[in-house]
Amino acid sequence: MRDFREKIVHHGGFDGVTGSCHEWFYADNASIMVDCGLFQGDEAHEQDLNFHFDVSRIRAVVLTHGHIDHVGRLPWLIAAGFRGPIICTQPTAKLLPIILEDALQLQLPDQDVLVKRALERIIKQILGVAYNKPIQSGYSVSNDFQPPQIVLQNAGHILGSAYVEIAYRGKTTVFSGDLGPSDALMNPKPVSPLRADRLILESTYGDRQHQGRADRLAAFKQIILRSLEDGGPILIPAFSLGRTQELLASIEAIKIEAGLTQDYKEPWEGQRLPVILDSPLASRLTFAYRQLRPWWKDQIQHQNPFSFDSLATVQSHGEHLSIINHLKSTGRAAIVLSASGMCQGGRILNYLEAFLPRDNTDVVFAGYQAKGTLGRQLVDNVASSDRGYADTKRVDIRGNMVDVNARIYRLSGFSAHADQSELLEFVQGIPVAPSEIRLVHGSADARKQLGLKLKDYNVIG
Ligand SMILES: [Zn+2]
151 MRDFREKIVH
161 HGGFDGVTGS
171 CHEWFYADNA
181 SIMVDCGLFQ
191 GDEAHEQDLN
201 FHFDVSRIRA
211 VVLTHGHIDH
221 VGRLPWLIAA
231 GFRGPIICTQ
241 PTAKLLPIIL
251 EDALQLQLPD
261 QDVLVKRALE
271 RIIKQILGVA
281 YNKPIQSGYS
291 VSNDFQPPQI
301 VLQNAGHILG
311 SAYVEIAYRG
321 KTTVFSGDLG
331 PSDALMNPKP
341 VSPLRADRLI
351 LESTYGDRQH
361 QGRADRLAAF
371 KQIILRSLED
381 GGPILIPAFS
391 LGRTQELLAS
401 IEAIKIEAGL
411 TQDYKEPWEG
421 QRLPVILDSP
431 LASRLTFAYR
441 QLRPWWKDQI
451 QHQNPFSFDS
461 LATVQSHGEH
471 LSIINHLKST
481 GRAAIVLSAS
491 GMCQGGRILN
501 YLEAFLPRDN
511 TDVVFAGYQA
521 KGTLGRQLVD
531 NVASSDRGYA
541 DTKRVDIRGN
551 MVDVNARIYR
561 LSGFSAHADQ
571 SELLEFVQGI
581 PVAPSEIRLV
591 HGSADARKQL
601 GLKLKDYNVI
611 G
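Terminal number for the sequence shown in our numbering: 611, no gaps in between.
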């Protein structure tokens, strides 16, 4: 066998923030693919879902977590002939079919049989493994060497998220996937690897610092107390996997602190501040989260943020419309979480259309808002307003001009991503400094700013 220098080919997520897909080669015809994600937002326009190479060289796929921009191209990889194992953590193995089913139904509307078949095949190939338990990819390219050894470590981003260590011939390559912040309610702070000769590092918030947990909970609590005083809903455009569950856990903590525990004993109609989850996908994922309690962070093991007795989940379109009518006619306080997270579509649009004109409505954005989305339009002048919330006057919702008298807030700290100092801490915590760091999964500016902070390292990208 000729001396082969390991190489990495990026099929996405290298110079953008979506479509993560990296192929690590350990021989000419043998590789391990880390993530297999869909492009989203503006980056989706140039998307080519097909793989233009012989996929039999991929010996295994390893998934860092279940977000669609890390797993959404899997059905296409399998359609192209990939038959190897799809390695991920046990929680991801449970969440993955739910995420993929939803994505496939959107891409292949009214083709239930095709969707069902694609899912069955994927489920057969999924191999859920424990954290911190080395597994061999099962293939060796030479009798001289052991096959690569793969270890998944907790990345603290969403439930089941992992960074990937691949050890081969005495060197370790680490793919960070998405790393979580240090102070999330649901997930632990990620712990740096013991060794990373080469580190492929995400840089989503490489140029930013988040609001601390105490600050964002205090800000959120103020919004809730005001809503209890003057009524009106608090609308939260929600991302279904990860952010929704983190928000529900935060809301529970605030309700307990604000003395609203009596609410949990009432059916939602009788509660002072009902929490309504109006997204079938987010509800299914939240239900799965509830069953994955062994993987929750220790500190919230005694809590019950997803108890469906106190949480109203809305399924059918009819139920959705009647909830809007109920909130409209009663003018009562309520917290509504509904998709989509950037208000590009989905049920949240009906809420915004109904409640943006009312001045006792609060809209809370807790996640990244991409350029060109309604969410971005609504939050854009929060920062420039000295009132602390936005002054946007009118927005276009599906062709209707809607007056905006609601208060619009942005609470950045609920992000499931590490900020600049947390990313630096992750790198600096590696006992044997990496001899190469590649920055991926970030805008040009985020990568540049993070790169400047990492000037003592050999940074590429
Ligand atoms: Zn993610």
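Note that CB positions come from ideal geometry on N, CA and C, so glycine has one too.
Around the C-beta of residue i, are 16 or more other C-beta atoms found within 10 angstroms, so that it is buried, or is it exposed?
i: residue 585; result: exposed
i: residue 320; result: exposed
i: residue 122; result: No answer is possible for residue 122: it lies beyond the span of the chain, which begins at 151 and ends at 611.
i: residue 609; result: buried
i: residue 349; result: buried
i: residue 364; result: exposed
i: residue 419; result: exposed
i: residue 223; result: buried
i: residue 359; result: exposed
i: residue 521; result: exposed
i: residue 604; result: buried
i: residue 456; result: buried
i: residue 572; result: buried
i: residue 581; result: exposed
i: residue 190; result: buried
i: residue 614; result: Given that the chain is displayed from residue 151 to residue 611, the structure contains no residue 614 and the question cannot be resolved.
i: residue 475; result: exposed
i: residue 591; result: buried
i: residue 331; result: buried
i: residue 185; result: buried
Go through its chain and collect everything with a Cβ distance to residue i's Cβ below 8 Å, but skip five positions before and after it.
i: residue 579; result: 341 and 342
i: residue 453; result: 399, 402 and 403
i: residue 394; result: 388, 427, 429, 432, 435, 436 and 487
i: residue 367; result: 400, 403 and 404
i: residue 470; result: 428, 464, 497 and 500
Output needed for residue i: all residues of its chain with C-beta closer than 7 Å, excluding positions within five of it in sequence on either side, in chain order.
i: residue 273; result: 247
i: residue 413; result: 405, 421, 422, 423 and 460
i: residue 380; result: 510
i: residue 548; result: 499
i: residue 576; result: 329, 340, 342 and 568
Going by beta-carbon coordinates alone, are residue i and residue j separated by less than 8 Å?
i: residue 298; j: residue 316; result: yes
i: residue 492; j: residue 468; result: no
i: residue 236; j: residue 205; result: no
i: residue 391; j: residue 244; result: no
i: residue 554; j: residue 503; result: no
i: residue 228; j: residue 271; result: yes
i: residue 589; j: residue 353; result: yes
i: residue 306; j: residue 329; result: yes
i: residue 281; j: residue 239; result: yes
i: residue 173; j: residue 218; result: no
i: residue 374; j: residue 408; result: yes
i: residue 570; j: residue 313; result: no
i: residue 587; j: residue 351; result: yes
Residues in the same chain with beta-carbon distance under 6 Å from residue i, minus the five sequence neighbours each way, listed in chain order, please.
i: residue 357; result: 595, 596 and 599
i: residue 386; result: 487 and 514
i: residue 490; result: 496
i: residue 226; result: 199
Examine ligand 2 and report whether any of its heavy atoms sits within less than 7 Å of the Cβ of residue i.
i: residue 312; result: No copy of ligand 2 appears in this structure; the ligands present are ligand 1.
For this session: Note down, one range per segment and in chain order, each alpha helix (DSSP H) of at least 4 residues found wholly within the stretch 173-235.
Result: 218-221 and 224-229
For this session: Ignoring anything shorter than 3 residues or poking outside the stretch 315-379, list the beta strand (DSSP E) runs there in chain order.
Result: 321-325 and 348-352
For this session: Mind listing which residues have their beta carbon within less than 5 Å of any non-hydrogen atom of ligand 1? Chain order is fine.
Result: 217 and 328
For this session: Kindly provide the ranges of any alpha helix (DSSP H) runs that are 4 or more residues long and lie completely inside the stretch 422-471, ordered along the chain.
Result: 430-441
For this session: Enumerate, from N- to C-terminal direction, the unbroken beta strand (DSSP E) stretches of 3 or more residues contained entirely within the stretch 373-422.
Result: 383-387
For this session: Would you list, in sequence order, the uninterrupted beta strand (DSSP E) runs of no fewer than 3 residues that lie entirely inside the stretch 469-548?
Result: 484-488, 512-515 and 544-547
Exercise. What alpha helix (DSSP H) runs, 4 residues minimum, are completely inside the stretch 548-609?
Worked result: 570-578 and 594-603
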